[in-house]
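Asker:
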Amino acid sequence: MAREGIDYPGPIPGPAGLWIAMARGECLRALLFLWRWHRRDWRRSHLLAL
36 MAREGIDYPG PIPGPAGLWI AMARGECLRA LLFLWRWHRR DWRRSHLLAL
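Below, the structure written as C-alpha cells:
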C-alpha cells in the first residue's frame, strides 16, 4: 500500500505544485538571463530608438 503523499504517480496537486512550477520558471528565467549576460547580448538591444 502506498503511503499518502509520497508515491503519488501524477503531477503534484494544489498549491505545492503551483509553487514548484513557478520556482522552475524563475530558475529558467535566471539561467537565460545569465546566459545572455555572459554572451553580452544585452549590449546590442536598444531600449530607446532615437
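At position 41 of the sequence shown (counting the first as 1) the number is 76 in my numbering, and the numbers step up by one without a gap. Backbone N, C-alpha and C define an ideal beta-carbon position, used for all residues, glycine too.
Whole angstroms are fine: how far does the CA of Leu66 sit from the CA of Tyr58?
Answerer: The count along the sequence shown starts at 1 and reaches residue 58 at position 23. The count along the sequence shown starts at 1 and reaches residue 66 at position 31. The identity of residue 58 in the sequence shown is Ala, whereas the question assumes Tyr. If I take the Cα positions, the gap works out to 12 Å.
Asker: Can you give me the Cβ contacts of Ile55 inside the same chain, cut-off strictly under 8 Å, excluding the 5 residues immediately before and after it?
Answerer: Position 20 of the sequence shown, counted from the start, is the residue given in the question as residue 55. Contacts found: Ile47.
Asker: Please classify Ile55: does DSSP put it in a helix, a strand, or coil?
Answerer: On the sequence shown, position 20 is the one that residue 55 refers to. It is helical.
Asker: Go ahead and pull the three-state DSSP assignment for Pro50.
Answerer: For the purposes of this step, residue 50 is identified with residue 15 of the sequence shown, where counting begins at 1. Helix.
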